[in-house]
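**Student:** Numbering (this note's numbering), first residue to last: 27 to 411.
From the three backbone atoms N, C-alpha and C, an ideal C-beta is built for every residue, glycine too.
Note that the structure is a prediction, hence the values are computed from the model and not measured.
Pasting a structure here, questions to come.
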Amino acid sequence: MLGFLGAYSIDNAGDALVGYATRRAVLALVPGTAYQVLAPALPHPFWGHRWDRERGLGDELRAVPATDDCGWAADLDALIIGGGGLLNLDPSFAPFRLGDPARWPARCAVAWNALGSQNQPWYLAAHRADYARIRACCERLAYVSVRNRTTLRFVRECGFDGEVHVVPDPAIGLAELPAAVERDVDALLARLGLAPRRGRGRPLIGVSLGAALSSPAAAPFFAALERELRALAPDCDLVFFRFSVMQDEAAAARALADRLGARTIAEPLAPLRLWGLIGRLDAYVGSRFHGVLAAYTQDVPFVAVDEYLRDAVASSKIRELVVERALEVHYVCPYLPDASAWKVRALVDDRARVSYAARVADDRRRLAAHYRALLDRLGLRAATG
27 MLGFLGAYSI DNAGDALVGY ATRRAVLALV PGTAYQVLAP ALPHPFWGHR WDRERGLGDE
87 LRAVPATDDC GWAADLDALI IGGGGLLNLD PSFAPFRLGD PARWPARCAV AWNALGSQNQ
147 PWYLAAHRAD YARIRACCER LAYVSVRNRT TLRFVRECGF DGEVHVVPDP AIGLAELPAA
207 VERDVDALLA RLGLAPRRGR GRPLIGVSLG AALSSPAAAP FFAALERELR ALAPDCDLVF
267 FRFSVMQDEA AAARALADRL GARTIAEPLA PLRLWGLIGR LDAYVGSRFH GVLAAYTQDV
327 PFVAVDEYLR DAVASSKIRE LVVERALEVH YVCPYLPDAS AWKVRALVDD RARVSYAARV
387 ADDRRRLAAH YRALLDRLGL RAATG
């Protein structure tokens, strides 16, 4: 029995998309393998857990304790953890660190799949025991992979000096959507009075902004962004939609959309529909990591509004994505005094010359090699061809 463990039960599109893309990639290589999809019952109410097939994007979810207890893994032969921002010092994230690694069932081989350590400091004396447990976890893993250099640094500072693979986010491997999802996106755009495909006479600009929209520190940036969007409005169609129910500021975004006379999709969209909608845009302005990845992967010109940047690690997952791929022209941070809202207009004007296809193709080659190596370390034979 193969297990897939992630934050798949929470009300967050990014985790759902990562899990879906991972399962599709892995099960295509080991067809017919019996599997379960698992998620820890994280205790905080804002997670908004559900355990049904809709939340699991086609798979029922099995809850496991959000504690050091690892008895739930006793019936598994292998386990793939992640990806996503799961390497977190919060005690309830212990299952992603094998709980107590010393008690992990010997029969169950485990791999980390592109884990991220979002804004997790590695230098706090109060967390020395946690760092030691992360080192012990990595020593127990059959295969260790992380999604960026900051996470690699975190793992090294925890004391692990073994092999670590830095790999692209699994969602980049998501190439095709189910036909039913494509039809749903067609219907959504028709309801808005918009053509279903890119290359329209009036460019369709999607906007999904997060909690920074209500931050006083970011107010000058969003005032400048509003001016840029207002200048675009006569020649473009603007559509505002929510990417993350947990993080987005729906009321503030709706007020901005109303001031601009923009269309608004008020209802939360399921993760695959979000991915499909972003793929139909002519340009995208977004603040959530997997919203930006949806644009990047589907060759939609984007400006990433980085509200993740923190001084705890002097970086963010969006910053690393754009820096590693030399896409700085697509990056703004709303908290910086010289945040470059002008990039939005420049991107729309120059959109015909923007393409990420070569970078995405390279990412997918790396992911394909990664999955084969991961399965080999778990003792699972990948299909050839």
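Measure from the alpha carbon of D116 to the alpha carbon of each residue in L102, A408, R133, D94, then state which is nearest.
**Tutor:** Nearest of L102, A408, R133, D94 to D116, Cα basis: D94.
**Student:** Can you tell me which of L53, T59, G84 puts its alpha carbon nearest to the alpha carbon of A206?
**Tutor:** It is G84.
**Student:** Looking only at C-alpha atoms, which of K369, A39, A51, R129 sits nearest to E252?
**Tutor:** Answer by Cα proximity: K369.
**Student:** Just to confirm before moving on: does the CB-CB distance between V170 and W138 stay below 8 Å?
**Tutor:** Contact flag set, yes.
**Student:** For F72, count the other beta carbons within 10 Å of its own beta carbon; 16 or more makes it buried, fewer makes it exposed. Which is it?
**Tutor:** Classification for F72: exposed.
**Student:** Can you pull the DSSP bridge partners for L68?
**Tutor:** In DSSP, L68 forms no bridge with anything.
**Student:** Locate the alpha helix (DSSP H) running through G302, then write down its first and last residues.
**Tutor:** Its alpha helix (DSSP H) spans residues 297-306.
**Student:** CA-CA distance, N38 and V271?
**Tutor:** Taking the straight line joining both Cα atoms gives about 7 Å.
**Student:** Taking the CB atoms as reference points, tell me whether G219 and F267 lie closer together than 8 Å.
**Tutor:** Contact: no.
**Student:** Where R345 and W98 are concerned, what is the direct C-alpha to C-alpha distance, given to the nearest angstrom?
**Tutor:** Their Cα atoms are separated by approximately 36 Å.
**Student:** State yes or no: is the C-beta of D389 within less than 8 Å of the C-beta of P194?
**Tutor:** Contact: yes.
**Student:** What do you get for A140, buried or exposed, if any count of 16 or more other CB atoms within 10 angstroms of its CB means buried?
**Tutor:** Flag for A140 reads buried.
**Student:** Helix, strand or coil: which one does DSSP assign to V265?
**Tutor:** Reduced to three states, the DSSP call for V265 is strand.
**Student:** Please report how far the alpha carbon of F122 lies from the alpha carbon of G32, in whole angstroms.
**Tutor:** If I take the Cα positions, the gap works out to 8 Å.
**Student:** Using 8 Å as the threshold, is the C-beta distance between L393 and G199 below it?
**Tutor:** Cβ distance < 8 Å, so L393 and G199 count as in contact.
**Student:** What are the residues that DSSP puts in a beta bridge with I231?
**Tutor:** Its beta-bridge partners are L264, A309.
**Student:** In the structure shown, what three-state DSSP assignment does G40 receive?
**Tutor:** Looking at G40 - three-state DSSP - the assignment turns out to be helix.
**Student:** Among the residues of its own chain, which have a CB less than 6 Å from the CB of I106, if the five just before and after it don't count?
**Tutor:** F30, A137, N139, listed in sequence order.
**Student:** What three-state label does DSSP hand W368 in the structure shown?
**Tutor:** Here W368 sits in helix by DSSP.
**Student:** CB A338 to CB P147, shorter than 8 Å?
**Tutor:** Their beta carbons are under 8 Å apart, which means A338 touches P147 by this criterion.
**Student:** If you run the structure through DSSP and keep just helix, strand and coil, what is F119?
**Tutor:** DSSP places F119 in helix when its eight states are reduced to three.
**Student:** Where do the ends of the beta strand (DSSP E) carrying F30 lie?
**Tutor:** Its beta strand (DSSP E) spans residues 28-31.
**Student:** Tell me whether P327 is buried or exposed, calling it buried when 16 or more other Cβ atoms sit within 10 Å of its Cβ.
**Tutor:** Classification of P327: buried, given that the 10 Å Cβ count is 16 or more.
**Student:** Sorted by chain position, which residues of the same chain lie with C-beta nearer than 8 Å to P229's C-beta, five sequence neighbours on each side aside?
**Tutor:** Cβ neighbours of P229 beyond the five flanking positions: D261, C262, D263, D308, A309, V374, R377.
**Student:** Assign W138 to one of three DSSP states: helix, strand, or coil.
**Tutor:** DSSP places W138 in strand when its eight states are reduced to three.
**Student:** From D402 to A132, what does the alpha carbon distance come to, in whole angstroms?
**Tutor:** Cα-Cα distance, rounded: 18 Å.
**Student:** Based on the DSSP output, what are the partners of L87 in its beta bridges?
**Tutor:** In DSSP, L87 forms a bridge with V63.
**Student:** Tell me which same chain residues have a C-beta within less than 6 Å of the C-beta of V44, skipping the five on either side of it?
**Tutor:** Here the set comprises G109, G110, P196, A197.
**Student:** Measure the Cβ-Cβ separation of E275 and A237 and say whether it is below 8 Å.
**Tutor:** Cβ distance < 8 Å, so E275 and A237 count as in contact.
**Student:** Classify P127: buried if its beta carbon has 16 or more other beta carbons within 10 angstroms, exposed otherwise.
**Tutor:** Buried is the call here.
**Student:** Excluding sequence positions up to five away, which residues of its chain have a Cβ less than 6 Å from the Cβ of E323?
**Tutor:** Note that residue 323 is Thr in the sequence shown, not Glu. Taken in chain order, the residues that qualify are I198, V386.
**Student:** Which residues in the same chain as A250 place their Cβ atom closer than 7 Å to its Cβ, once the five residues preceding and following it in sequence are excluded?
**Tutor:** These residues qualify, in order along the chain: A367.
**Student:** Start and end of the alpha helix (DSSP H) containing T177?
**Tutor:** Here the alpha helix (DSSP H) through T177 covers 175-183.
**Student:** Hey, quick one: how far does the alpha helix (DSSP H) through V412 stretch, first residue to last?
**Tutor:** A query on residue 412 cannot be resolved here, the shown segment of the chain reaching from 27 to 411 and no further.
**Student:** Quick one: give me the first and last residue of the alpha helix (DSSP H) that A330 is part of.
**Tutor:** Premise fails: A330 lies in the beta strand (DSSP E), 328-331, not in any alpha helix (DSSP H).
**Student:** How about L87 and S35: are their beta carbons less than 8 Å apart?
**Tutor:** In this structure, S35 lies closer than 8 Å to L87 by Cβ.
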